[in-house]
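Colleague: Per my numbering, the sequence shown starts with residue 20, numbered consecutively. Where a beta carbon is used, it is the ideal one built from N, C-alpha and C, also for glycine.
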Amino acid sequence: MTKEKIKFPKIKVKNSGVVSLQFYNDFPDGNLVIGEALKNVPFAIKRLYFINSLFNKQAHRGLHAHKKLEQIIFCINGSFTLKLDDGKNKQSIKMDNPYYGVRLGPLLWHTMEKFSADCVILVLAADYYKESDYLRNYEEFKKFIKK
Ligand code: TYD
């Protein structure tokens, strides 16, 4: 079974990193991609959500940080641009490879944009949805990280 090396950009912001999934892409009947909690996914998964129907070319999602939540974001179809900002360093990553996810750790302002119409985003989260964990205002985020 082929495990071809596919390059992914180095992550330069804090509280992030690359998560590499196991994959089998030499099947004539489609690829198989696998993540396992506490193995290549570095936490126990309590929640998943996905985003599809991204037909609006002007769409922007994210635009927030979390106080404590750990998440991994994948682009499992199509492409989008993920912008990360740890308050000091910024990085823009083209997400177009279903075999790699990016860790969205705490205190990482993130924005998703430039979606292809066929884009499907999958997010694995270490906790349930909790609005009180969100920092939805950039100035509030900057103040919070200085604490
Ligand atoms: P939000 O996290 O801001 O979406 P995104 O980062 O993808 O742009 O959430 C959008 C809305 O959906 C917000 O009102 C909260 C709600 N929501 C839930 O109820 N549960 C969830 O697990 C998530 C992710 C969002």
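Taking its Cβ as the centre, do 16 or more other Cβ atoms sit within 10 Å of H79, making it buried, or is it exposed?
Modeller: H79 is exposed by the Cβ-count criterion.
Colleague: How would you call V60, buried or exposed, if buried means at least 16 neighbouring beta carbons within 10 angstroms?
Modeller: Flag for V60 reads buried.
Colleague: Is the Cβ-Cβ distance between S135 and S98 less than 8 Å?
Modeller: Result yes, Cβ atoms of S135 and S98 sit closer than 8 Å.
Colleague: Can you find a heavy atom of the ligand TYD that lies under 7 Å from the Cβ of Y148?
Modeller: Yes, since a heavy atom of the ligand TYD falls inside the 7 Å radius drawn around the Cβ of Y148.
Colleague: Alpha carbons only, please: which of I53, Q90 and V121 is nearest the one belonging to K113?
Modeller: Among I53, Q90 and V121, the Cα nearest to that of K113 belongs to V121.
Colleague: Hey, how far is the Cα of C94 from the Cα of D137?
Modeller: Going from the Cα of C94 to the Cα of D137 covers about 10 Å.
Colleague: Leaving out the 5 sequence neighbours to the left and right, which residues in its chain are closer than 8 Å to P47 when beta-carbon positions are compared?
Modeller: Cβ within range, chain order: n/a, list empty.
Colleague: Secondary structure at T21, three-state DSSP: helix, strand or coil?
Modeller: Confidence at T21 is low in this model, with a pLDDT of 49, below 50, so its placement is unreliable and the value that follows should be read with caution. T21 falls in the coil class under three-state DSSP.
Colleague: Please tell me whether G81 and M131 are closer than 8 Å, where the distance is taken between their beta carbons.
Modeller: The answer is yes: Cβ separation under 8 Å.
Colleague: Determine, using beta carbons only, whether A136 comes closer than 8 Å to chain B.
Modeller: Here there is only one protein chain, and chain B is not present.
Colleague: How is I30 classed by DSSP in three states: helix, strand or coil?
Modeller: The answer is coil: DSSP assigns I30 none of H, G, I, E or B.
Colleague: Closer than 7 Å: is that where the CB of R66 sits relative to any heavy atom of the ligand TYD?
Modeller: Yes; taking the cut-off as 7 Å, the Cβ of R66 has a heavy atom of the ligand TYD nearer than that.
Colleague: What separation, rounded to the nearest whole angstrom, lies between the Cα atoms of F74 and V139?
Modeller: If you take the alpha carbons of F74 and V139, they lie about 11 Å apart.
Colleague: Here's a check: name, in chain order, each residue in its chain whose Cβ is nearer than 6 Å to the Cβ of H85, leaving out the five neighbours to either side.
Modeller: Here the set comprises P125 and D152.
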